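Visitor: One structure, pasted below without further comment.
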Amino acid sequence: MKNKILLPIIYVISCLIQSCLEDSLDLDNQNLEISSECQLNINDQTLIAICIEGDNTVKPTETLILSASFYSKGNNPENSTFTWSVDFGSLEIISEDLELNDQAAIATSMATIKANPDFIGNGIINV
C-alpha cells in the first residue's frame, strides 16, 4: 500500500522540480534577449549614440545581464573600450563580452552581474 502512495508523490515532486528548472531557464533566456536589444538613437547634433539595456531588478544569488552599445560617426568600433564597475552594493561582475558590428560601426558590451547572498536590493553599476 505504501508503494502505491509513494510512487505518485515522487512523480508529482519530480514534475514540480522540472517545471521550476524550465521556468528558471526561460527567465534567463528572456533577460538575454531583452539585454541585447539595445536601440541606439543617434543624436543629430553630435552623431553619437549610447544606450544601456537590461533588467533593473535582481534578487540575492541571481544573475543579471546588461548591455551597453556605442556609436560614433566616423569611428572604428574596434577602438571602443567599455569599463563596467560596481560603485555600490553587494554585486560582482562575472564576465564581460564585446561584440563589434563593423558595418554599422557599433560596439556592444554585455556584462553578466551576480548579486551576492548578502545583497539587500540597492546597487549602482556604471559603464
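Residue 120 is where the sequence shown starts when you use the numbering used here, and the numbers rise one by one after that.
Even for Gly, the Cβ is constructed at its ideal location relative to N, Cα and C.
In this text the structure is predicted, and so the values were computed from the model without any measurement.
1) Kindly give me the distance between the Cβ atoms of Ile243 and Ile232, rounded to whole angstroms, as I take these residues to be in contact under 8 Å.
2) I need the DSSP call for Asn220, collapsed to helix, strand or coil.
3) Go ahead and pull the three-state DSSP assignment for Asn235.
4) Assuming Ser204 contacts Phe189 (C-beta within less than 8 Å), just tell me the rounded distance between them.
5) Please state whether the Cβ-Cβ distance between Ala226 and Pro196 is less than 8 Å.
6) Which residue's Cα is closest to the Cα of Ser191: Gly240, Gln222, Asn235, Glu211?
7) Considering Cα atoms alone, identify which of Ala187, Pro179, Gln164 is closest to Ile171.
8) Measuring alpha carbon to alpha carbon, tell me which residue in Val246, Asn241, Pro236 is nearest Pro179.
9) Hey, how far is the Cα of Ala234 from the Cα of Asp206?
10) Going along the chain, which residues of its own chain have a beta-carbon closer than 6 Å to the beta-carbon of Asp216, five neighbours each way excluded?
11) Using only alpha-carbon positions, find the residue among Asn175, Gly240, Leu185 that is nearest to Ile213.
Guide: Looking at the atomic coordinates:
1) That belief does not hold up - the Cβ atoms of Ile243 and Ile232 are roughly 11 Å apart, past 8 Å.
2) strand
3) coil
4) Contact doesn't hold; Cβ gap of about 16 Å is too wide.
5) yes
6) Gln222
7) Ala187
8) Pro236
9) 13 Å
10) Met229
11) Leu185
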